[in-house]
Amino acid sequence: MRLINLQVQGYKNLQNINIDFLKSDGQTLLVGTNGSGKSNLLEVLSAIFSALYENNRKVEPEFKFVLCYEKDRPEEINVDLGEKIKVRIDNNDGSLSVAYSKLSEDNYTTVSPDEWLSLMPDHVIAVYSGEEDRLWQHYYFSSYNKYNKQYLEGKKAYQEERMIFLNHYYWELLASILAVDDISDHNAFVSDVLGLKSITGIKLTFDVNKIKRNKNDRARTIINLLNPDEKDEVIVSLDKYHEALEFSGFEKNFLFDMSVLTLHKDFKIITGLKILCDGEIQIESLSEGEKKLLLIYSAINIPAGENLYLFDEPDAHLHEGRKHEIYDLMQTDSKSDFVVSSHSPTLTSLFNYNKVLFVKNEHGSCVIENGDIAKVISEITNSEWNYIDHTLVMDSTRPLIITEGDGDVKYIKKAISELEQNDTKYSELKDVDFLHCGGALSVENTINELKTFLPNDKKIIAVFDRDNGGLDGLKKVTGKTNIGKGSKKCFKEQNVCSLMLPIKEGYTASDFVIEDYFSEKLKKDLAQQEIDNSTGEFNNLPGDIKKIVKKRLADRLDSYSAQELRGFSVLLDKLIKIVDETEAFVNV
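Per my numbering, the sequence shown starts with residue 1411, numbered consecutively.
Written out as structure tokens, the structure is:
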């Protein structure tokens, strides 16, 4: 299948959204910072197909949409339409409507709800490994729950799951299926890529009472193969486990059968599943990135068909050198369509710019733009990622200072340049890299991204404003919630140091931002000039004097002398102590 177009109105910050997917040709990368709306697009697609698969008449929550995509023509549809058809789904009349037409035309034939399934993707597969379960609860759990109940009560012998949500609960199950499969590439992925070698068996634990209550013949056969004596715990050989897989049919059939038996808290008969390895590496010892690779590999290789994949930041925590593996896996399924959200400059650089959509939040509404990769990478971090010299960034001897905004970097660099002329100790800070994040709450994401590829011993120093936003950012980075704005501590976790701006001598207010290193007289003079330049009428007085002074200070950057920048010395002194490891750190 191939997405063609999506129009959305009235879902969270998605107002009057119109996305053309044609240039993406089956692979769309949604990039943007947290809160931009990229995850909302995944929710919209999940909401639409969840309603259709469950044969509902409305999406929940309600919003207006039109979705068009290309797919193979079902056998029951007139062959004269060609091998591919165009499907249109909308709710313009308040209820869901599904229609199809020849791919090159817009002459649609509407179908009844009984015919919807043949026009849907074979599966909608979401891969998500975060703690947030909103997507699962709202759009995947309902169909999963209904089917499980019918399955174990014997009302349905078997039915493919169409809405599939893969997360951390599937790690052992997916790896066990790949390990015993007849496809050698799957076995090699488990042993060579994941490092799970010398698998000796599968340990299963059972709820014996639920075995007796099961009414599904298919489930009973699988349980008898795996645990014929109905014990509380068994170790199943790989051959016997493979026999159960063969009974189910294909890998995906076994996945759906075992999902019912192992995962649903109210119905699970198999209460534990663990792969037993003689080697040192077990599933629980895999890195978070390797576990995500397991989910992605399984999603693409186990449920066959024309699928729609929805991947939410699949590269998070994956090492820099391995992010291409996600991209490479996506290239192996040409029948399906991928919509992937990320804020990773690294993953973005692998995609042709036609496949990248930049998502940003402007005044509470989502705005989606196309753009070349360099522009997208730069906007993700609100920095100069694409211009940073690679050899310098990878040099572990050069500390990296991260600030909230671009202005912070400019002021610090200017202060170093001027003050070093009178005191050579500040020259030490010339061999430092700088990066700004576009806001305090973006610092944590930037640090997590950097840690995936920077040398482990490269010092990262995060500097926050001493205000509410900076305090929240510091709390996120350190994980400490009991910090106040008056804290003078410098926190350290491995190679990451974080602190709020040190206050200059004589300053008494609770908030302190970078502009407060300038003299009070300078700021007052700039404010007074704005008032003096007004005509005196009330409506002509400066509206937001703080923003005006902030801009005037920035505009004067090139003209500042060492005398005007002397207030910055307390910050530079602190940075030198951190770089030299003479600061008294608080370990977190």
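Positions of the beta carbon are idealized from the N, C-alpha and C atoms, including for glycine.
Using a Cβ-based criterion (distance less than 7 Å to any ligand heavy atom), does residue i qualify as near the ligand COA?
{"i": "I1495", "result": "As far as ligands go, the structure on display features none, and thus does not contain the ligand COA."}
According to the Cβ coordinates, are residue i and residue j closer than 8 Å?
{"i": "G1774", "j": "G1815", "result": "no"}
{"i": "L1757", "j": "Y1737", "result": "yes"}
{"i": "K1650", "j": "L1665", "result": "no"}
{"i": "I1871", "j": "L1985", "result": "yes"}
{"i": "Y1518", "j": "L1413", "result": "no"}
{"i": "I1680", "j": "L1588", "result": "no"}
{"i": "K1474", "j": "V1497", "result": "no"}
{"i": "I1693", "j": "A1585", "result": "yes"}
{"i": "E1640", "j": "V1670", "result": "no"}
{"i": "L1728", "j": "L1760", "result": "no"}
{"i": "S1561", "j": "N1634", "result": "Residue 1561 is actually Tyr in this sequence, not Ser. The answer is no: Cβ separation not under 8 Å."}
{"i": "Y1836", "j": "L1982", "result": "yes"}
{"i": "D1747", "j": "L1767", "result": "no"}
{"i": "S1449", "j": "S1751", "result": "yes"}
{"i": "Y1538", "j": "L1545", "result": "yes"}
{"i": "E1838", "j": "V1980", "result": "no"}
{"i": "C1900", "j": "E1993", "result": "yes"}
{"i": "H1533", "j": "P1713", "result": "yes"}
{"i": "S1608", "j": "G1689", "result": "yes"}
{"i": "D1667", "j": "I1632", "result": "yes"}
{"i": "E1974", "j": "I1955", "result": "no"}
{"i": "S1806", "j": "D1867", "result": "yes"}
For residue i and residue j, I'd like the C-alpha separation in whole angstroms.
{"i": "S1929", "j": "K1914", "result": "10 Å"}
{"i": "L1416", "j": "T1888", "result": "40 Å"}
{"i": "P1531", "j": "S1708", "result": "18 Å"}
{"i": "D2012", "j": "G1445", "result": "Residue 2012 is absent from the model: the chain starts at 1411 and stops at 1998."}
{"i": "L1911", "j": "I1924", "result": "7 Å"}
{"i": "K1733", "j": "K1824", "result": "37 Å"}
{"i": "E1700", "j": "G1731", "result": "12 Å"}
{"i": "L1884", "j": "I1691", "result": "35 Å"}
{"i": "K1840", "j": "E1453", "result": "46 Å"}
{"i": "N2004", "j": "D1490", "result": "An answer regarding residue 2004 cannot be provided, because it is not within the stretch 1411 to 1998 covered by the chain."}
{"i": "S1514", "j": "E1716", "result": "20 Å"}
{"i": "K1770", "j": "C1776", "result": "6 Å"}
{"i": "D1722", "j": "L1829", "result": "46 Å"}
{"i": "V1873", "j": "Q1938", "result": "31 Å"}
{"i": "I1495", "j": "E1525", "result": "15 Å"}
{"i": "S1793", "j": "Y1421", "result": "Annotation note: pLDDT 46 at S1793 (below 50); position unreliable, no value reported."}
{"i": "L1851", "j": "G1880", "result": "8 Å"}
{"i": "D1642", "j": "N1428", "result": "54 Å"}
{"i": "L1744", "j": "G1436", "result": "In the sequence on display, residue 1744 carries Ser and not Leu. Using only the alpha carbons, I get a separation of about 8 Å."}
{"i": "L1432", "j": "E1486", "result": "27 Å"}
{"i": "K1684", "j": "Q1419", "result": "45 Å"}
{"i": "H1674", "j": "R1623", "result": "15 Å"}
{"i": "L1440", "j": "D1725", "result": "13 Å"}
{"i": "G1977", "j": "S1827", "result": "14 Å"}
{"i": "N1762", "j": "K1931", "result": "52 Å"}
{"i": "E1656", "j": "A1598", "result": "20 Å"}
With a CB to CB cut of under 6 Å and the five nearest residues on each side skipped, what residues in its chain are close to residue i?
{"i": "Y1550", "result": "M1573, F1575"}
{"i": "G1817", "result": "A1964"}
Which first and last residues belong to the alpha helix (DSSP H) in which residue i is found?
{"i": "D1722", "result": "Counting along the chain, D1722 falls outside any alpha helix (DSSP H), though it belongs to the beta strand (DSSP E) covering 1717-1722."}
{"i": "E1486", "result": "Neither: E1486 is in no alpha helix (DSSP H) and is coded neither H nor E."}
{"i": "S1449", "result": "1448-1463"}
{"i": "R1412", "result": "Not the alpha helix (DSSP H): R1412 falls in the beta strand (DSSP E), residues 1412-1419."}
{"i": "S1697", "result": "Run containing S1697: none; DSSP gives neither H nor E here."}
{"i": "V1998", "result": "Looking at the DSSP string, V1998 is not in any alpha helix (DSSP H), and its letter there is neither H nor E."}
{"i": "S1594", "result": "1594-1598"}
Enumerate in chain order the residues of its own chain whose CB-to-CB distance from residue i is below 7 Å, with the five nearest sequence positions on each side excluded.
{"i": "S1969", "result": "none"}
{"i": "G1504", "result": "none"}
{"i": "D1430", "result": "N1415"}
{"i": "Y1463", "result": "M1530, S1553, R1572, M1573"}
{"i": "S1601", "result": "K1607"}
{"i": "I1621", "result": "I1633, E1640, I1679"}
Establish whether the CB of residue i and some CB of chain C are separated by less than 8 Å.
{"i": "L1860", "result": "Protein chains in the displayed structure number just one, and chain C is not present."}
In the DSSP output, what is residue i paired with across the bridge?
{"i": "F1874", "result": "M1910"}
{"i": "H1578", "result": "For H1578, which the question treats as bridged, DSSP gives no partner whatsoever."}
Could you pull out every residue in the same chain whose Cβ sits closer than 8 Å to the Cβ of residue i, ignoring the five residues on either side in sequence?
{"i": "H1800", "result": "Low per-residue confidence applies at H1800: pLDDT is 38, beneath 50, and the placement is therefore not dependable enough to give any value."}
{"i": "G1383", "result": "Any property of residue 1383 remains undetermined from this structure, which presents the chain solely from 1411 to 1998."}
{"i": "S1456", "result": "V1534, A1536, L1545, H1548, Y1549, Y1550, M1573, L1720"}
{"i": "V1998", "result": "T1888, G1889, K1890, F1901, K1902, E1903"}
{"i": "N1832", "result": "A1972"}
How far does the beta strand (DSSP E) with residue i in it reach, from first residue to last?
{"i": "E1730", "result": "Taken as a continuous stretch (DSSP letters only), E1730 belongs to no beta strand (DSSP E), as it is neither H nor E."}
{"i": "E1643", "result": "1643-1646"}
{"i": "L1845", "result": "1843-1846"}
{"i": "K1494", "result": "1494-1500"}
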